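Below is one structure; the comments refer to it alone.
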Amino acid sequence: MDSRLSRTTLRVRGYHLDGYGHVNNARYLEFLEEGRWAYFDERPGLAAFLSRGDLAFVAVNLNIDYRRAAVAGDDLEVLTRLSEIGSRRARIHQEISRVGDGKVVAIADITFVLLDVATGRAVTIDGEIREAMAQLVLA
Numbered sequence: 828m829d830s831r832l833s834r835t836t837l838r839v840r841g842y843h844l845d846g847y848g849h850v851n852n853a854r855y856l857e858f859l860e861e862g863r864w865a866y867f868d869e870r871p872g873l874a875a876f877l878s879r880g881d882l883a884f885v886a887v888n889l890n891i892d893y894r895r896a897a898v899a900g901d902d903l904e905v906l907t908r909l910s911e912i913g914s915r916r917a918r919i920h921q922e923i924s925r926v927g928d929g930k931v932v933a934i935a936d937i938t939f940v941l942l943d944v945a946t947g948r949a950v951t952i953d954g955e956i957r958e959a960m961a962q963l964v965l966a
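Just so you know, we're using the working numbering here: the sequence shown kicks off at 828 and counts up by one.
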């Protein structure tokens, strides 16, 4: 597996389900967030920029395409990668697949900005943090 890609697995539990016996659409957002947390856990150099407390990655847009239902007992795999860096925003691409058959359950793109915590404003992604991120881009 490419080192720029993060892989997280989880099992669908009963509390993830809606009244139809499928994973509730809002739960996929939690699965995706779990994947993003794992992505940063595996990249302590990038996470170090955020641990200082003056900068934060903040999601500003999420697009998700639900492909098929997941049900209780399914093991899911969340693949996460940094797919694009602009001057003021970046994008993470994620895919959720069933482990058993490899079928894609959902695909998402999350656009985020680098926020100056003190001012509450997005800042340019440049310097050392841009260099660190640029090495991780997998288009």
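The beta-carbon is built from N, C-alpha and C at its ideal position, and this holds for glycine as well. Keep in mind that this is a model prediction, so the values were computed, not measured.
Buried or exposed: which applies to residue i, given that a residue is buried once 16 or more other Cβ atoms fall within 10 Å of its Cβ?
| i | result |
| --- | --- |
| Thr836 | exposed |
| Gly954 | exposed |
| Gly862 | buried |
| Ser924 | buried |
| Val887 | exposed |
| Val926 | exposed |
| Asp902 | exposed |
| Val950 | exposed |
Output needed for residue i: all residues of its chain with C-beta closer than 7 Å, excluding positions within five of it in sequence on either side, in chain order.
| i | result |
| --- | --- |
| Leu889 | Ala935, Ile937 |
| His843 | Val850, Asn851, Arg854 |
| Val944 | Gly880, Asp881, Leu882, Ala883 |
| Val839 | Val850, Ala897, Val898, Ala899, Gly900, Asp901, Leu903 |
| Ser914 | Thr951, Ile952 |
Just to confirm my understanding: we take residue i, look at its own chain, exclude 5 residues before and 5 after, and list those with CB closer than 6 Å. What are they?
| i | result |
| --- | --- |
| Leu859 | Gln921, Ala935 |
| Arg916 | Thr938, Val940 |
| Leu873 | Ala959 |
| Asn851 | Asp845 |
| Ala865 | Ser833, Thr835 |
| Arg918 | Ser910, Glu911, Asp936, Thr938 |
Check the C-beta distance from residue i over to residue j and give it rounded, since I have them as a contact under 8 Å.
| i | j | result |
| --- | --- | --- |
| Tyr787 | Ala853 | Nothing in the structure corresponds to residue 787, since the chain is present only between 828 and 966. |
| Leu827 | Leu856 | With the chain covering only 828 through 966, there is no way to say anything about residue 827. |
| Leu963 | Arg870 | 7 Å |
Which same chain residues end up closer than 8 Å to residue i when comparing Cβ atoms and leaving out the 5 residues on each side of it in sequence?
| i | result |
| --- | --- |
| Leu832 | Leu906, Thr907, Arg908, Leu965 |
| Lys930 | Arg894, Arg895, Ser924 |
| Gly848 | Val898, Ala899 |
| Asp868 | Ala874 |
At least three beta-carbon pairs within less than 8 Å, the region 862–881 to the region 891–901:
Result no; under three Cβ-Cβ pairs closer than 8 Å.
Would you mind listing the alpha helix (DSSP H) stretches within the region 832–868 that are 4+ residues and don't spill past its ends, in chain order?
852–868
3 or more residues per run - each beta strand (DSSP E) lying fully within the region 862–911:
882–893
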